[in-house]
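Chains as they are written, first to last, in UniProt numbering: chain B, 1 to 233; chain R, 1 to 233.
Report on the structure given below.
2 protein chains.
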Amino acid sequence: MKILIADDDPQILRALRITLGARGYEIVTAHDGRTALAAIVEQHPDLVMLDLGMPNLDGLAVIDSVRAWNSVPILVVSGRSGASDKVEALDRGADDYVTKPFSIDELLARIRALTRRMPTSGDEPVVTFGDITVDLPAKTITRATAAGPEHVRLTPTEWQILELLLRTPGKLVSRQALYAEVWGQHKMTDTGYLRLYLAQLRKKLEPDPSRPRYLLTEAGMGYRFAPDAPPPA
Amino acid sequence: MKILIADDDPQILRALRITLGARGYEIVTAHDGRTALAAIVEQHPDLVMLDLGMPNLDGLAVIDSVRAWNSVPILVVSGRSGASDKVEALDRGADDYVTKPFSIDELLARIRALTRRMPTSGDEPVVTFGDITVDLPAKTITRATAAGPEHVRLTPTEWQILELLLRTPGKLVSRQALYAEVWGQHKMTDTGYLRLYLAQLRKKLEPDPSRPRYLLTEAGMGYRFAPDAPPPA
DNA sequence: CCGTTTCCTAACGAACCCCTAACGCCCGGC
DNA sequence: GCCGGGCGTTAGGGGTTCGTTAGGAAACGG
């Protein structure tokens, strides 16, 4: 269980790192909004503890940016105790709001309550569709042909994209989410290289690359992996 | 959206019923633990607001009983402000904890935060009507036909409109609100393209597009999503 | 140092989506 | 019965997004 703690007070940062680390959580820290956002993109924490009053990028702005593509639980820890502050943070997408000073036991309990709700990432390590078999942990792909199994090679970037699509079968993955996960939040200027990699993936995986059956495009929205058997409703 | 309010103070009960009812929530009340539990079993609320200090069956005991078989979001509203009380309630399965006296705006925001993440009482992460099943987060729509499930594709603008309508089932959404949410305040010159998208949505979703049953027009006012009448439990 | 692999930029036709415009229908007011 | 407003429907142009190809920069490994 990985937790990102974003706060501009190094003392609080250190105290929380020690306390939460002792509970078995893996801790990542950030001291301002920009680094917090970068850490979320690159580290994939299971929960984010966010201070509102941070330099470089306000906590509320961080919430907006994250919620545009990611649904990781966000726990706001702030010195502002006004109701309007809480309402704004919660309505922008935060899941809980704790005011400083806080009880460490209560904080831990709220962390447990939030992570308990997390979608149990039902990782099926092997995905098959058509004549293709993808082994995600082993990073291997084989195509079953009449002449026997045949190995398919993918570049690192191709793997990242394919993994994102296969991880949520049937669900649409927004272009924004793909860019954020693969290249980082800053590289959001869409000059169109996603199209290139999708073309590459289709060329390597689709039975008929000119008419995609598994890696589908949703114009204006993103891409979707359509499995053979419809996912459990 | 149905909310159960369980509290032994009739004054609080009445105030909350009025306040939440005005926000469009359907309200069910209980004055002690036993009736609260019965109401959860029979009424299937989408969220439970629970007081801890109730006669007949303590709030903590109610949480235990509910969590043994149901995952409905539970928001504890209690006069006990001690950290140990919060920890115990949260660890037994409550999702949030607010102490009296509370700000009504904060309470509403926390209700929104909880219901936002829990798609309809944990049973269905989707909205269904007629032979249509809509999965909002996955941006997926399937039509159940005799020949099997069939995928329906929507454009981004169609999604935005449908999402607004489905978010408040049965309630009227003014044309103003639709224009503001989808296009922004500047595009208020109603030349009538909303009609186009409604026609598209009906063509794709209604069993008989010429006689709408779910996406209804309120002349001069706006549009309304009319859900199926729930079968008598 | 060189060859290979991978990544990115640029450009162009095609497909798709959004919006304008126009017409017909229904309904209530005069 | 006439008229006008609001709504549903259809057709088509303009702009955006997508697929594809080609080629050069950058990174990697020997």
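Just so you know, even glycine gets a beta-carbon here, dropped at the ideal spot from N, CA and C.
- For a Cβ distance threshold of 8 angstroms, residue set S103, D105 and E106 of chain R lies close to B/A83, ordered along the chain.
- The CB of R/V87 comes closer than 7 angstroms to the CB of D105, E106 and A109 in chain B, given here in chain order.
- Minimum Cα-Cα distance from B/V76 among the listed residues B/L90, B/P101, B/D64 and B/G82 corresponds to B/L90.
- When only Cα atoms are considered, B/I104 and B/G93 end up about 23 angstroms apart.
- Only exposed fits B/P55, as fewer than 16 other CB atoms lie within 10 angstroms of its CB.
- Around the CB of R/D228, fewer than 16 other CB atoms lie within 10 Å, so the residue is classed as exposed.
- B/V98 and R/L37 have their C-alpha atoms some 29 angstroms from each other.
- Ranked by Cα distance from R/G184, the first of R/Q160, R/K204, R/K203 and R/P207 is R/Q160.
- Under DSSP, R/K2 takes part in a beta bridge, and its partners are R/E26.
- Under the Cβ criterion of 8 angstroms, B/R67 is not counted among the residues facing chain R.
- One Cα belongs to B/H31, the other to B/L4, and the distance between them is close to 11 angstroms.
- Within the DSSP secondary-structure output, R/A144 pairs in a beta bridge with R/P149.
- Any Cβ of chain B closer than 8 angstroms to the Cβ of R/K100 would place that residue at the interface, and such an atom is absent.
- Its Cα nearest to that of R/F129, the residue R/T142 stands out among R/T142, R/P137 and R/R117.
- Here B/R110 carries a helix assignment [DSSP, helix/strand/coil].
- The straight-line gap separating the alpha-carbon atoms of R/Y214 and R/D51 is approximately 38 angstroms.
- Runs of the beta strand (DSSP E) lying entirely within the UniProt DNA-binding region "OmpR/PhoB-type" (124 to 227) of chain B, each at least 3 residues long, are 126 to 129, 132 to 135, 140 to 145, 148 to 152, 172 to 174, 215 to 218 and 222 to 225 in chain order.
- Remark: C-beta atoms of R/K2 and R/D64 do not approach each other more closely than 8 angstroms.
- Two segments are said to touch when three or more pairs of C-beta atoms, one from each, lie closer than 8 angstroms; by this definition the stretch 216 to 223 of chain R touches the stretch 172 to 181 of chain R.
- Listed along chain B, the residues sitting closer than 9 angstroms to R/P156 by beta-carbon distance are E218, A219, G220 and M221.
- In this structure, the straight-line span from the alpha carbon of B/R153 to that of B/T140 is close to 8 angstroms.
- Under DSSP, B/D96 takes part in a beta bridge, and its partners are B/L75.
- Cβ contact annotation for B/D9 (same chain, cutoff 8 angstroms, sequence separation greater than five): D51, in chain order.
- When secondary structure is reduced to three states using DSSP, R/L52 falls in the coil class, being assigned neither helix nor strand.
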